[in-house]
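Using this note's numbering, the first residue of the sequence shown is number 4, and each one after it goes up by one. Idealized CB from N, CA, C, for every residue including glycine. The model shown is predicted, which means the values in this text are computed figures rather than measured ones. Have a look at the structure below before the remarks.
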Amino acid sequence: MTKHVVTLAHYYTQPEIQHMADKVGDSLELSLYAKEAKADIIVFAGVRFMAETAKILNPQATVILPNAGSTCSLVTQTDIKALKNWRESYPDHIHVSYINSSAEHKALSDWIVTSRNVDDIIAHLYAEGKKVIFSPDRNMGGYLNYQYHYDMPLWSAVCEVHDKFNETALNEAFVAINGEKYLIAHPESPLPVLKKADYVGSTSGMLNWIKQFNGNQQAVIFVATEDGILYNMGLARPELDLRQAPIYAGCQCNSCPYMKMNTIEAVKLAQQGQGEPIDYLSATQMDAARLPIERMLKFSERYYA
Ligand code: 13P
Ligand code: SF4
Numbered sequence: 004m005t006k007h008v009v010t011l012a013h014y015y016t017q018p019e020i021q022h023m024a025d026k027v028g029d030s031l032e033l034s035l036y037a038k039e040a041k042a043d044i045i046v047f048a049g050v051r052f053m054a055e056t057a058k059i060l061n062p063q064a065t066v067i068l069p070n071a072g073s074t075c076s077l078v079t080q081t082d083i084k085a086l087k088n089w090r091e092s093y094p095d096h097i098h099v100s101y102i103n104s105s106a107e108h109k110a111l112s113d114w115i116v117t118s119r120n121v122d123d124i125i126a127h128l129y130a131e132g133k134k135v136i137f138s139p140d141r142n143m144g145g146y147l148n149y150q151y152h153y154d155m156p157l158w159s160a161v162c163e164v165h166d167k168f169n170e171t172a173l174n175e176a177f178v179a180i181n182g183e184k185y186l187i188a189h190p191e192s193p194l195p196v197l198k199k200a201d202y203v204g205s206t207s208g209m210l211n212w213i214k215q216f217n218g219n220q221q222a223v224i225f226v227a228t229e230d231g232i233l234y235n236m237g238l239a240r241p242e243l244d245l246r247q248a249p250i251y252a253g254c255q256c257n258s259c260p261y262m263k264m265n266t267i268e269a270v271k272l273a274q275q276g277q278g279e280p281i282d283y284l285s286a287t288q289m290d291a292a293r294l295p296i297e298r299m300l301k302f303s304e305r306y307y308a
C-alpha cells in the first residue's frame with residue numbers, strides 16, 4: 004500500500020525546499036500541523052528539535068529528519084545534567100522552556116513556548132502570581148525581562164545565527180540611508196538590536212508585519228532574522244526594499260547552517276522513507292515532553308479560533 008507522506012518546511016529553508024512541502028510555517032504552526040496530520044510519514048525539513056516535537060505530538064507517524072546533522076545551537080549549548088541542577092535550584096518557580104530544546108529538556112519543563120506565544124504565556128503566569136525561570140535562550144529571556152520588567156533567572160544559551168546581529172553594523176547601515184528606515188527582529192537577537200526594533204516577533208509575526216506594512220513605500224526595511232524568510236517576505240510584498248540586517252559592515256549574509264542542510268536530494272530521499280527516523284525517544288520520554296507542549300497548544304488555541 005502506498006504510504007501517505009506529508010512534508011513540512013520551516014521558513015528558513017531554501018525556496019526550492021519550501022516548494023516541496025505541503026506546509027511552510029513557523030515552529031508553532033508546524034507543530035500543530037504535525038499533530039493533526041493523517042500521515043504515515045512526516046518529513047520535517049527543519050531541525051531536529053522540530054522533528055522530535057512532531058514525533059511527540061504524532062507518535063503513530065514515522066517522522067524523518069532529512070539530514071541527521073540538523074541540530075540547533077540552543078540545544079547543543081544546553082547540558083541536560085547542568086540544566087536539571089539549575090532547575091532544581093528554583094523549586095518554587097515555574098520552568099518555561101523555548102521550543103528550541105531537546106525532548107529531554109522539554110521533559111524537565113512545566114511549559115513550552117514558541118516565539119509566537121512566549122509573551123502571552125509568561126504574562127499569564129505572572130498574572131497568576133507565579134515565579135518563572137526561562138531556558139534556554141538568554142537573548143529571548145533577557146528581552147522579556149527588559150520589556151516587561153520581569154526578574155526571570157535565565158539559562159545561558161544563544162542562537163548562533165541571531166546572536167551575530169550587531170548594533171554597530173546596524174547603526175552604520177542606518178546612517179548610510181537618507182530616507183525612512185525600519186527594523187524588525189526575531190527575539191533570539193541580542194538586546195541592543197532588539198531595543199532598536201520597530202517590531203519584535205516570531206518568523207510568522209515578522210511576515211505578517213511585512214504583509215500589513217502601510218508606511219512609506221520607499222522605506223528600507225531591515226530584517227534581523229535568518230535569510231530564508233526574506234524569500235517569503237519578497238513574495239508577499241515585492242515592491243518593498245527588504246534587506247537582511249547586517250552582522251558586520253557589508254555582510255547581509257546570515258543563514259542557519261542546520262536549516263540549510265535540507266537539500267533537495269535529502270528531502271527527496273526522506274520522502275521515500277530514507278534519512279533519519281526519530282525513533283530513539285521512549286514512550287515515557289515522549290509522554291513527559293508532551294505535557295508542557297500540550298499546555299502551550301491549549302493556551303494557543305486562541306490564535307487559531
Ligand atoms: P519561529 O518559532 O519564529 O519559527 O523560530 C524558530 C527558530 O528556530 C528561530 O531561529
Ligand atoms: Fe537554532 Fe538559530 Fe538555526 Fe533557529 S536559526 S534553528 S535557533 S541555530
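| Closest to Ile180 by CA distance: which of Gln221, Leu197, Val196 is it? | Per the Cα distances, Gln221.
| message | Rounded to whole angstroms, what is the Cα-Cα separation between Leu233 and Gly132? | response | Between the C-alpha atoms of Leu233 and Gly132 there is a straight-line separation of about 40 Å.
| message | Any heavy atom of ligand 2 inside 7 Å of the beta-carbon of Val164? | response | yes
| Residues of its chain near Ile83, where Cβ-Cβ distance is below 8 Å and the 5 sequence neighbours each way are ignored | Excluding five sequence positions before and after Ile83, the CB atoms of its chain that fall closer than 8 Å to its own CB belong to Ser105, Glu107, His108, Leu111, given in chain order.
| field | Of the residues Ser192, His165, Ala200, the one placed nearest Phe177, counting alpha carbons only | value | Ala200
| said: According to DSSP, is Glu132 part of a helix, a strand, or is it coil? | reply: A small correction: the amino acid at residue 132 is Gly; Glu does not occupy that position in the sequence shown. In this structure, Gly132 counts as coil in the three-state DSSP scheme.
| message | From the DSSP secondary-structure annotation, give me the bridge partner or partners of Gly28. | response | Gly28 is bridged by DSSP to His13.
| Simplified DSSP assignment, three categories, for Ala292 | helix
| Rounded to the nearest angstrom, how far is the Cβ of Lys214 from that of Ala239, given a contact under 8 Å? | 5 Å
| said: Measuring only the C-alpha atoms, how far is Asn235 from Pro94? | reply: About 43 Å.
| request: Given a cut-off of 8 Å, decide if Lys134 and His96 are closer than it, judged by their beta-carbon atoms. | output: yes
| task | Would you identify the three-state DSSP class for Gly197, choosing helix, strand or coil? | result | In the sequence as displayed, the identity of residue 197 is Leu instead of Gly. Correct three-state label for Leu197: helix.
| query | Run through DSSP, which three-state label would Phe302 get? | reply | Residue state, collapsed to three classes: helix.
| query | So Leu186 and Leu173 are in contact, right, with Cβ under 8 Å, and what is the actual spacing, rounded? | reply | 7 Å
| task | Ignore the nearest five residues each way along the sequence and tell me which others in Tyr202's own chain have a CB closer than 6 Å to its CB. | result | Ile187, Trp212
| field | Of the residues Leu35, Met264, Pro241, the one placed nearest Met119, counting alpha carbons only | value | At residue 119 the sequence reads Arg, which differs from the Met that was named. Nearest C-alpha to Arg119: Leu35.
| query | Taking 7 Å as the line, does the beta carbon of Arg119 fall inside it for any heavy atom of ligand 1? | reply | yes
| task | For Ala126, count neighbouring Cβ atoms within 10 angstroms of its own Cβ and tell me buried if that reaches 16, exposed if not. | result | Burial is judged here by how many other beta carbons sit within 10 angstroms of a residue's own beta carbon; Ala126 has fewer than 16 and is exposed.
| field | DSSP three-state assignment for Asp230, whether helix, strand or coil | value | coil
| Does the region 60 to 75 come close enough to the region 42 to 51 that 3 or more CB-CB pairs lie under 8 Å? | yes
| What number of angstroms, rounded off, separates the C-alpha of Ile115 from the C-alpha of Ser258? | 25 Å
| query | Around the C-beta of His7, are 16 or more other C-beta atoms found within 10 angstroms, so that it is buried, or is it exposed? | reply | exposed
| request: Grab the span of the beta strand (DSSP E) containing Arg246 for me, first residue to last. | output: 244 to 247
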